[in-house]
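A short worksheet on the structure shown next.
Chains as they are written, first to last, in my numbering: chain A, 19 to 132; chain B, 7 to 139.
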């Protein structure tokens with residue numbers, strides 16, 4: 019399976035809604051996810067379409083699935099999203115635009131280029 | 007034309023009868039020896055003259071892959087109406103019944119999905135008070 023990056027995975031509103039619903043209730047079957055999309059969001063997608071969205075989310079590491087006996091359950095794993103705050107930390111925007119910030123930013127850019 | 011019977015494929019007829027009567031609370035209606043498989047039906051205790059569920063052996067080779075695929079994705083083939091899904095969930099859980107979906111309110115309905123132990127998932131449904139159609 020092609021590995022999908024997190025930005026592409028969360029660029030789609032249906033996939034963000036799936037993550038919302040998995041936050042609400044973890045460990046859902048495909049059936050429950052479909053029912054929630056239909057009943058809570060008016061998204062009447064086919065099971066196949068939802069299945070493909072789940073594959074994309076799994077490929078990005080944002081959803082994990084687990085076989086338990088004869089059933090398959092899906093869970094959210096938001097760990098890959100840490101990359102976003104690590105890359106654009108909140109304290110960078112909070113600190114005042116003084117000389118130290120400029121220096122810090124300049125050094126980060128240098129690191130990325132190397 | 008009337009709907010008098012509907013079938014559920016089961017992996018084991020005796021185990022199915024035990025589950026549908028002892029756990030779900032349906033009552034035995036017909037148990038006819040057919041020289042191997044039985045013609046076995048249950049009805050709701052609330053509607054003894056209502057629709058009968060035929061607990062049908064799953065012996066046809068197409069049935070097992072079909073039911074297993076549905077179960078893996080959590081899809082219930084049959085639904086039963088109850089007064090209160092939450093109360094049934096508590097009652098059945100205490101009897102050791104496994105749920106693949108806990109009671110969940112979605113719009114005007116509340117549903118839960120349980121494992122009938124003989125190859126199928128069953129959805130319990132009630133419509134919330136005051137909800138329209």
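For every residue, glycine included, the Cβ atom is placed at its ideal position computed from N, Cα and C.
Any chain A beta carbon closer than 7 Å to residue 107(B): Yes, residue 107(B) lies at the interface with chain A (some Cβ there is under 7 Å from its Cβ).
Contact between the region 30-42 of chain A and the region 53-61 of chain A (3+ Cβ pairs under 8 Å): Output reads yes: the region 53-61 of chain A touches the region 30-42 of chain A.
Simplified DSSP state of residue 25(B), which is helix, strand or coil: In the displayed model, residue 25(B) falls within a helix according to three-state DSSP.
Residue of 83(B), 52(B) and 21(B) minimising C-alpha distance to residue 46(B): Of all alpha-carbon atoms in 83(B), 52(B) and 21(B), the one lying nearest the alpha-carbon of residue 46(B) is that of 21(B).
Beta-carbon gap between residue 90(A) and residue 78(B) smaller than 7 Å: Taking 7 Å as the cut-off, the beta carbon of residue 90(A) is found closer than this to the beta carbon of residue 78(B).
Nearest residue (CA-CA) to residue 110(B), options 62(A), 47(A) and 69(A): Of the candidates 62(A), 47(A) and 69(A), the one whose C-alpha sits nearest the C-alpha of residue 110(B) is 47(A).
Backbone CA spacing between residue 66(B) and residue 76(A) [nearest angstrom]: When rounded, the distance between both Cα atoms is 35 Å.
Chain B residues whose Cβ lies nearer than 8 Å to that of residue 43(A): Going along chain B in sequence order, the residues near residue 43(A) (Cβ under 8 Å) are 108 and 110.
Other residues of its chain near residue 88(B): CB distance less than 6 Å, five sequence neighbours each side excluded: So the qualifying residues of the chain are 94, 130 and 132.
When 28(B), 49(B) and 74(B) are compared against residue 16(B), the one with the closest alpha-carbon: Checking every option, the nearest Cα to that of residue 16(B) belongs to 74(B).
Assigned secondary structure, residue 90(B) (DSSP; H/G/I helix, E/B strand, else coil): Reduced to three states, the DSSP call for residue 90(B) is coil.
Minimum Cβ-Cβ distance from residue 26(A) to chain B less than 7 Å: Not closer than 7 Å to any Cβ of chain B, the Cβ of residue 26(A) fails to qualify, so no.
Limits of the unbroken beta strand (DSSP E) element including residue 128(B): Looking at the DSSP string, the run of the beta strand (DSSP E) that includes residue 128(B) is 127-133.
Beta-carbon gap between residue 33(B) and residue 49(B) smaller than 7 Å: Contact: yes.
Neighbour flag for residue 56(B) against chain A, beta carbons, 7 Å: Not one chain A Cβ lies under 7 Å of residue 56(B).
Cross-chain neighbours of residue 90(A) in chain B, by beta carbon under 8 Å: Those are 78, 79 and 80, listed as they occur along chain B.
Same chain, Cβ closer than 8 Å to residue 102(A), five either side skipped, listed in chain order: Here the set comprises 24.
Closer than 6 Å: residue 14(B) CB and nearest the ligand FMN heavy atom: By its list of ligands, the structure shown contains no ligand whatsoever, and the ligand FMN lies outside what it can speak to.
Euclidean distance between Cα positions of residue 39(B) and residue 10(B): Using only the alpha carbons, I get a separation of about 20 Å.
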